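Worksheet for the structure shown next.
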Amino acid sequence: MDIATLLGIFSGVALLLASIMQNSGLELFISAPSAMIVLGGTIAATLVAYPINELFGVIGLFLKVFITKKHNLYDLIDNMVMICSVARKGGVLAIESRLDEIDNGFLRRGLQYTVDGKDENTVVTLLKKEIRQIQQKHRDGWQIMSEMGKFAPAFGMVGTLIGLIQMLSALDDVKTVGPKMAVALITTFYGALLANLVFIPMTVKLKRRSAAESLEMDLVLEGITFIRKGVNPRFMKEALENILENAIGKKLKREKTPIQTPAPKPAPKPVPGTPRKEGIHARTRKNN
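Here is the structure:
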């Protein structure tokens with residue numbers, strides 16, 4: 001569960017409610033017609049813009065924002081280095097016995113292609129095609145969420161215009177102008193709130209998740225290429241870590257065990273009664 005997403009939404013709503021309750025009652029900001037215009041209009045416009053089969057994936061994307069899977073990419077690199085060592089010692093076919101132990105599905109498929117005897121160009125082509133398909137799926141998802149972030153405030157303005165028209169049609173009764181104007185502005189409030197607290201932040205988070213998954217798959221692709229070529233595992237580890245650190249824009253330091261240097265031995269204590277040895281300089285001064 002992604003605590004940051006839940007904390008952000010709940011804290012934003014709580015702060016808004018607290019500020020409203022300090023100055024007025026909450027009932028002024030509750031309007032079923034305004035909610036129907038904003039939510040209904042946003043969903044209707046999204047249905048017009050995108051095919052129905054793509055919209056079903058929005059529900060999964062919405063849930064994916066709240067669910068996070070932490071992947072330690074350094075552990076992934078260590079696993080690939082271990083597999084490279086196995087392949088160098090026992091050949092590529094020696095990897096087959098370890099395929100069931102690999103949790104990363106993309107890495108497992110790439111190694112399965114290798115064990116099956118597919119040539120390097122075929123393996124790279126298949127894996128790159130899978131990367132493009134996953135990236136396109138992610139792109140379609142966050143683009144839908146981004147467009148919903150544009151539709152919500154737009155229909156908020158539509159609701160405000162409807163309220164203004166109704167208000168202007170009843171200007172004879174001056175007492176109703178203020179309340180009707182307030183109701184008209186609530187739809188704008190709903191649209192801005194949905195866009196800036198839900199849809200736009202979720203779009204940003206989905207983009208970041210997509211970029212992180214693409215980086216992970218790129219590392220796996222490079223690792224499989226190194227394994228097929230039978231490179232030195234130490235070189236492979238350094239190369240993949242450099243790719244990772246260059247991609248994220250900063251150096252990630254791992255905890256290292258400090259090297260224990262032995263303490264210098266103390267000089268032996270002179271035994272009482274034994275003559276002290278004179279140094280070269282002392283003997284020279286005596287001779288002079």
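Heads up: the sequence shown at position 192 corresponds to 192 in the working numbering, and the numbers run straight through without jumps.
Every residue, glycine too, gets a C-beta built ideally from N, C-alpha and C.
Computed from a predicted model, the values in this text were never measured in an experiment.
- Restricting attention to 91, 236, 191, the CA atom closest to the CA of residue 221 is found in 236.
- Spatial neighbours of residue 29 in its own chain (CB-CB distance under 8 Å, excluding positions within 5 residues in sequence) are listed in chain order as 20, 186, 189.
- If you ignore the 5 residues before and after residue 197, its C-beta comes within less than 7 Å of the C-beta of 9, 12, all in its own chain and listed in chain order.
- Nearest C-alpha to residue 110 among 41, 157, 225: 225.
- In this structure, residue 202 and residue 145 form a Cβ contact; the two beta carbons are roughly 5 Å apart against a cut-off of 8 Å.
- Counted as a single uninterrupted DSSP element, the alpha helix (DSSP H) harbouring residue 125 occupies residues 120-168.
- If you look at residue 190, you'll find it in the alpha helix (DSSP H) that goes 177-194.
- Look at residue 5 here: in three-state DSSP terms it is helix.
- Going by C-alpha positions, residue 163 is about 10 Å away from residue 177.
- Contact annotation: residue 37 and residue 155 have beta-carbon atoms nearer than 8 Å.
- Within the region 38-113, the complete alpha helix (DSSP H) segments of 4 residues or longer fall at 52-66, 73-90, listed in chain order.
- By the neighbour-count criterion, in which 16 or more other beta carbons inside 10 Å mark a residue as buried, residue 41 falls on the buried side.
- Where residue 198 is concerned, there is no enclosing alpha helix (DSSP H), because DSSP gives it neither an H nor an E.
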